[in-house]
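Student: Protein chains in written order, with our numbering: chain V, 1 to 366; chain H, 367 to 653.
Following this message is one structure expressed as structure tokens.
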């Protein structure tokens with residue numbers, strides 16, 4: 001469906017995208033993950049034909065973007081990072097124009113407009129002028145526009161930015177539904193978002209693909225080294241003491257949590273071993289109630305640190321490996337990087353937790 | 367293409383742009399009509415049109431400023447340029463829609479000569495010729511304005527730059543009689559033109575070799591010609607500027623002279639502007 005090989009984009013002397021190759025099949029949702037400036041938007045702009053690549057090949061549904069751009073473009077629906085809306089038009093006028101632009105006019109056009117309005121829940125604002133719409137509705141009108149004419153491939157650039165949690169959930173289920181028959185590519189800088197929606201993930205940094213694979217494989221590979229968080233009820237001192245003398249545990253860091261009389265302990269096993277059972281038995285033996293036990297959710301920065309620290313060891317995480325559990329830790333030379341990271345200031349970690357909270361909550365649903 | 371024309375016309379007439387530019391134009395032509403044709407009872411309506419063309423200095427930038435600049439600012443250019451419509455048809459559609467609004471304004475003014483008709487014999491061929499020239503001149507200005515608009519994402523910058531450009535176009539005619547006709551000046555003028563072209567080549571190709579080649583070849587040819595056939599340089603600046611003057615040619619139309627050369631000049635000027643607009647947009651995609 002979408003085949004990209006050795007895509008490059010140079011701006012003057014800088015390189016925005018440096019030799020990116022990937023493919024997406026129909027019925028597959030491909031996630032692009034990376035920090036701001038990683039080249040995600042540039043890649044998407046090239047995929048949709050908005051800007052031309054310096055080098056490389058883009059084939060959409062058999063049509064080469066450089067040789068037959070109009071045919072290739074007609075296979076794609078695109079929602080850029082800012083929805084391309086005309087402020088002075090009403091939603092209906094805008095969608096009708098976009099449908100005509102995509103050569104879906106007349107009866108088909110009207111049917112298509114009605115369908116996308118229903119799917120994106122914007123029927124009640126059809127007659128409103130776009131400039132008066134809230135951010136969430138604007139985003140949905142943008143999505144509706146991308147769905148017009150039932151394109152074979154849909155590309156979303158940061159589709160959930162600026163939406164409230166309810167809208168994020170709606171948007172994700174919409175994207176999942178779209179991904180059943182089409183090839184969908186979406187970009188994000190939030191790991192939990194990508195893992196909630198996508199079948200496969202490509203992680204980009206500085207214009208290059210630094211890791212790619214199925215979401216499960218990547219998540220397991222990266223959460224392995226992150227350790228676990230145990231919420232323990234009890235005195236700080238006795239908790240610290242309890243964890244001190246356990247051979248399986250490499251590091252245990254304690255920090256306050258929202259619940260009164262309880263503490264969060266971030267535990268890393270020796271050589272990233274699974275220490276959940278050890279922790280359970282330890283706490284039971286010491287008679288300290290274990291209120292919660294969960295893997296540390298890695299933020300994107302941490303994933304990046306892991307990838308860069310792991311060097312060449314990280315590459316393709318194929319779906320064929322997904323049956324092997326616990327194997328991934330072998331790919332990783334040592335747990336030092338993550339141990340260093342948990343040494344980051346608590347204030348910073350807390351701030352990050354606050355920011356990620358709604359992501360984690362809604363991510364957990366899926 | 368039809369989708370874009372419809373959208374542009376819709377935007378012209380749902381915002382004040384279309385109405386304001388047509389009103390301004392009607393105001394100017396109405397003023398001259400009242401002054402020349404009514405107060406002085408002169409049937410020469412073509413002269414009224416000829417006097418009104420300066421309205422284009424303000425009207426054309428106002429009408430064309432948003433064509434591309436606004437799309438870029440509100441990032442809707444992504445929608446248009448990723449749709450299955452070629453850049454060429456997008457540009458043509460936008461210029462056509464601006465010209466359409468202009469022609470609507472022009473069509474309204476046909477009422478003016480018609481009110482004169484019962485009062486005496488109207489010079490009909492003269493008026494038709496003036497209207498043809500007027501429509502073609504408008505096409506030139508709209509396509510030039512569209513080009514300027516494609517260079518920036520700021521509508522104010524687009525308006526002011528095209529205004530300045532249009533004033534300069536009108537000013538060429540005013541300064542023509544003052545231009546020195548001696549050969550040395552012409553030689554220097556051609557050299558300056560070659561230098562400008564060389565600078566532009568250097569800027570677009572981003573290397574130092576091509577402008578040097580341009581200067582050596584074209585400048586050498588110019589110098590050689592100057593020493594071999596010096597007499598062709600006499601009055602050359604005047605000839606070049608006169609040939610390039612858009613507004614200067616309009617006097618032929620308003621004098622009732624419908625020449626193929628003038629019509630082709632106007633049409634090819636508009637086409638050239640559309641082509642370089644397409645090139646400018648294409649170039650931005652590749653940069």
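No residue lacks a Cβ here, since even glycine has one placed at the ideal position from N, Cα and C.
Name the residues in the segment 91–112 of chain V whose C-beta lies less than 7 Å from a C-beta of chain H; which are they?
Tutor: 97, 98, 100, 101, 102 and 103
Student: May I ask which residues mark the beginning and end of the beta strand (DSSP E) holding residue 624 (chain H)?
Tutor: No beta strand (DSSP E) holds residue 624 (chain H); DSSP gives it neither H nor E.
Student: Name the DSSP beta bridge partners of residue 208 (chain V), please?
Tutor: V:205
Student: Please check the pair residue 433 (chain H) and residue 512 (chain H), which I expect to be a contact at CB under 8 Å, by giving their CB distance rounded to whole angstroms.
Tutor: 5 Å
Student: Would you mind giving the Cβ-Cβ distance between residue 228 (chain V) and residue 276 (chain V), rounded to the nearest angstrom? I have them listed as a contact below 8 Å.
Tutor: 6 Å
Student: Do you know how far the Cα of residue 467 (chain H) is from the Cα of residue 406 (chain H)?
Tutor: Going from the Cα of residue 406 (chain H) to the Cα of residue 467 (chain H) covers about 31 Å.
Student: Taking the C-alpha atoms as reference points, what is the distance between residue 478 (chain H) and residue 398 (chain H)?
Tutor: 11 Å
Student: Residue 94 (chain V) and residue 86 (chain V) - do their beta-carbons sit closer together than 8 Å?
Tutor: In contact: residue 86 (chain V) and residue 94 (chain V) (Cβ atoms closer than 8 Å).
Student: Residues of chain V with CB closer than 9 Å to the CB of residue 651 (chain H), please, in chain order.
Tutor: 49, 50, 51 and 52
Student: Using a C-beta to C-beta distance shorter than 7 Å, which residues of chain H count as neighbours of residue 137 (chain V)?
Tutor: In chain order: nothing, as chain H lies at least about 16 Å away.
Student: Would you mind reading off the limits of the beta strand (DSSP E) that contains residue 290 (chain V)?
Tutor: 290–295
Student: In chain V, which residues lie with their C-beta within 9 Å of the C-beta of residue 452 (chain H)?
Tutor: 69 and 70
Student: Taking 8 Å as the threshold (beta carbon to beta carbon), is residue 73 (chain V) in contact with chain H?
Tutor: At least one chain H Cβ lies under 8 Å of residue 73 (chain V).
Student: Looking only at its chain, what residues have a beta carbon closer than 6 Å to the beta carbon of residue 528 (chain H), apart from the 5 residues adjacent to it on each side?
Tutor: Here the set comprises 427, 511 and 514.
Student: Under a three-way DSSP split, which group does residue 246 (chain V) fall into?
Tutor: Here residue 246 (chain V) carries a coil assignment [DSSP, helix/strand/coil].
Student: Please tell me whether residue 414 (chain H) has its Cβ less than 8 Å away from any Cβ of chain V.
Tutor: no
Student: Going by C-alpha distance, which of H:469, H:494 and H:537 is nearest residue 389 (chain H)?
Tutor: H:469
Student: Report yes if the C-beta distance between residue 164 (chain V) and residue 136 (chain V) is below 8 Å; otherwise report no.
Tutor: yes
Student: Determine which residues share a DSSP beta bridge with residue 570 (chain H) and list them.
Tutor: DSSP, once it has assigned bridges, lists no residue as partnering residue 570 (chain H).
Student: By the three-class DSSP mapping on this structure, what secondary structure does residue 275 (chain V) have?
Tutor: coil
Student: Mind listing which residues of the segment 373–385 of chain H have their C-beta closer than 9 Å to chain V's C-betas, in chain order?
Tutor: Only 373, 376, 377, 380 and 381 from the segment 373–385 of chain H bring a Cβ to less than 9 Å from some Cβ of chain V.
Student: Quick check: is any heavy atom of the ligand MG less than 7 Å from the C-beta of residue 545 (chain H)?
Tutor: The ligand MG is not among the ligands present in this structure, which contains no ligands whatsoever.
Student: Determine, using beta carbons only, whether residue 49 (chain V) and residue 6 (chain V) come nearer to each other than 8 Å.
Tutor: no
Student: On the premise that residue 29 (chain V) lies in contact with residue 151 (chain V), defined as a C-beta separation below 8 Å, what is that separation, rounded to the nearest angstrom?
Tutor: Contact doesn't hold; Cβ gap of about 15 Å is too wide.
Student: Under the DSSP definition of a beta bridge, which residues are partnered with residue 24 (chain V)?
Tutor: V:2
Student: Of all Cβ atoms in chain V, is any one closer than 8 Å to the Cβ of residue 558 (chain H)?
Tutor: no
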